[in-house]
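J.: Below you'll find the structure I mean.
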Amino acid sequence: MADVLQYSGPMRRGLDLEFIEFVAKNIESDDLILVFTTNGGDPDAAYKIGRYLQHRYASFKVLIPGLCKSAGTLMAVAADELIFCPYGELGPLDIQMSKTDDIAGMESGLNISEAFTTLESRARETFNTLVIDIIANSGGVISFHTASHSASEIVSSIYGPVFSKIDPEEVGSRTRAMRIGEDYGVRLNNRFQNLREDKLPWLSQSYSSHGFVIDMNEARVLFRNVREASEPEKILVDTLGNSARISGNERFFKNLSVEYAKLQEIGTDDADPEPEAPDSRGKKGRKVRVGANPSGTGAEDAPETLADDAQAK
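Going by this note's numbering, the sequence shown opens with residue 4, and the numbers climb by one from there.
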């Protein structure tokens, strides 16, 4: 039976060591199901935990009962299978960074890339529109060379002040930070290779927002082994309440192996129906206990049982 452990809380340095120590004290199997809920956090912490779990377990599955965002998605890359509950969702693999002059504020590392893409697109669009308008309004008298020169001056006067406020050092640091997620993702995926080829850049750069919902169907496009949670797994999540679906600021670790084993046993018992007793000819008969009276009449009126038939023959 697999170990079943819960991690609910932020991903940050210090908590990675606490969880690794927690896992080390509760290892009883070669297989792990990690019930994992987080809003994201430090990719270094996610990488550290993911590598440790890959080292200690032959099989490592992530059960996603609720929100599992950002650094949580990085942890999911480390697993050999993803298990989704109905409310489960991953998020893009974008790194959260501190806002300038905002101690508590965090923002997506994708913001700087999106800003550059938008500015570049708007500047190009403005330039093309101006060139066409200048030539059209002059009736063809003004040449393309002159029109493009005039358009470039106008575009520079509009967007120059915006680009001048961009700090190259800040851009460089944010670009490197975004590479951390991809670099860690490559290394974590080497063990089980559950993330499909060429999907890591897609996971880190192609989604439009940090909160983009990657549900089970979307995850199947990105990962090889994805399935819906079984009934025992869903029941286990229901018993955990909100801590299994929404991560708070406080961490919550719990060993769920015993509870999961009991649910598995109950599910196995329910899945095995009472076998029908064969008659003397090897055919299955009705499931009637010897001496039972299914019709509610007196014992003398009760139909003969299969056991009686076998004895008479």
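Don't be surprised by glycine CBs; every beta carbon is placed ideally from N, CA and C.
Owing to the predicted nature of the structure, the values given are computational and were not obtained by experimental measurement.
#1: Pull up the CB-CB distance for Thr-41 and Gly-12, whole angstroms please, since I reckon it's below 8 Å.
#2: Would you list the residues sitting across from Leu-3 in a DSSP beta bridge?
#3: Just reading off the alpha helix (DSSP H) that Val-216 is part of, what are its end residues?
#4: So the candidates are Ala-264, Asn-228, Leu-93 and Gly-214; which of them puts its Cα closest to the Cα of Ile-238?
#5: Considering only the alpha carbon of each residue, which of Tyr-60, Phe-166, Asn-131 and Gly-69 lies closest to Val-7?
#6: In the DSSP assignment, the beta strand (DSSP E) including Asn-258 goes from what residue to what residue?
#7: State the DSSP-derived secondary structure class of Ile-86, mapped to helix, strand or coil.
#8: How many angstroms separate the CA atom of Met-219 from the CA atom of Ala-27?
#9: Can you tell me whether DSSP reads Val-144 as helix, strand or coil?
#10: What's the C-alpha gap between Glu-236 and Trp-205?
#11: Which same chain residues, not among the five before or five after Ser-153, have their C-beta less than 7 Å away from its C-beta?
#12: Using only the alpha-carbon positions, how far apart do Lys-286 and Ile-217 sit?
#13: Which of helix, strand or coil does DSSP assign to Ser-11?
#14: With DSSP collapsed to three states, give me the class of Arg-16.
#15: Considering Cα atoms alone, identify which of Ala-5, Phe-25 and Arg-15 is closest to Ser-32.
#16: Return helix, strand or coil for Leu-96, following the three-state DSSP convention.
#17: Do you know whose CA, among Val-240, Lys-202, Ser-260 and Pro-46, lies nearest Phe-226's CA?
#18: Opposite Val-224 in the DSSP bridges: which residues?
#19: Out of Glu-172, Val-174 and Leu-122, which has the shortest C-alpha to C-alpha gap to Val-158?
#20: Given a threshold of 16 other Cβ atoms within 10 Å of its Cβ, counted over all protein chains shown, does Phe-22 qualify as buried or as exposed?
#21: Against chain B, with Cβ distances strictly below 8 Å, would Ile-169 count as a contact?
#22: Going by Cα to Cα distance, which pick from Cys-71, Val-174, Glu-200 and Phe-255 is closest to Glu-185?
#23: Who are the Cβ neighbours of Asp-19 in its own chain at under 6 Å, not counting the five residues just before and after it?
T.: Based on what the coordinates show:
#1: Taking the sequence shown and counting its residues from 1, one reaches residue 41 at position 38. Taking the sequence shown and counting its residues from 1, one reaches residue 12 at position 9. Indeed, because the Cβ distance is near 6 Å, the residues count as touching under 8 Å.
#2: The shown model of the chain, from 4 to 316, leaves out residue 3, and the question about it has no answer.
#3: Along the sequence shown, read from residue 1 onward, the residue named residue 216 stands at position 213. Run containing Val-216: none; DSSP gives neither H nor E here.
#4: Within the sequence shown, numbered from 1, the residue matching residue 238 stands at position 235. For the residues Ala-264, Asn-228, Leu-93 and Gly-214, the minimum Cα distance to Ile-238 belongs to Ala-264.
#5: For the purposes of this step, residue 7 is taken as the residue at position 4 of the sequence shown. Of the listed residues, the one whose Cα sits closest to Val-7 is Tyr-60.
#6: For the purposes of this step, residue 258 is identified with residue 255 of the sequence shown, where counting begins at 1. Asn-258 -> beta strand (DSSP E) spans 255-258.
#7: In the sequence shown, the residue the question calls residue 86 occupies position 83. The answer is strand: DSSP assigns Ile-86 an E or B state.
#8: Numbered from 1 along the sequence shown, position 216 holds the residue referred to as residue 219. Numbered from 1 along the sequence shown, position 24 holds the residue referred to as residue 27. Each residue's alpha carbon lies about 30 Å from the other.
#9: Mapped onto the sequence shown, residue 144 falls at position 141. Reduced to three states, the DSSP call for Val-144 is coil.
#10: Position 233 of the sequence shown, counting from 1, holds the residue named residue 236. Position 202 of the sequence shown, counting from 1, holds the residue named residue 205. One C-alpha to the other measures close to 30 Å.
#11: Here residue 153 is taken as the residue at index 150 of the sequence shown, counted from 1. Same-chain partners within the cutoff: Ile-137.
#12: On the sequence shown, position 283 is the one that residue 286 refers to. On the sequence shown, position 214 is the one that residue 217 refers to. Low per-residue confidence applies at Lys-286: pLDDT is 48, beneath 50, and the placement is therefore not dependable enough to give any value.
#13: Here residue 11 refers to the residue found at position 8 of the sequence shown. Strand, per DSSP.
#14: Taking the sequence shown and counting its residues from 1, the one referred to as residue 16 is at position 13. Residue state, collapsed to three classes: coil.
#15: Along the sequence shown, one-based indexing puts residue 32 at 29. It is Ala-5 whose Cα lies nearest to the Cα of Ser-32.
#16: Position 93 of the sequence shown, counted from the first residue, corresponds to residue 96. Coil.
#17: Sequence index remark: in the sequence shown, residue 226 carries index 223 (1-based). With distances taken between Cα atoms, Phe-226 lies closest to Lys-202.
#18: The residue you call residue 224 lines up with position 221 of the sequence shown. In DSSP, Val-224 forms no bridge with anything.
#19: In the sequence shown, the residue the question calls residue 158 occupies position 155. Val-158 has its Cα closest to that of Leu-122, out of Glu-172, Val-174 and Leu-122.
#20: If you number the sequence shown from 1, residue 22 lands on position 19. With 16 or more other Cβ atoms within 10 Å, it is buried.
#21: Absence of chain B from the displayed structure is noted, only one protein chain being present.
#22: What you label residue 185 is simply residue 182 of the sequence shown in a count that begins at 1. Ranking Cys-71, Val-174, Glu-200 and Phe-255 by Cα distance to Glu-185 puts Glu-200 first.
#23: Here the question's residue 19 lines up with position 16 in the sequence shown. Correct list, in chain order: Ala-48, Lys-51 and Ile-52.
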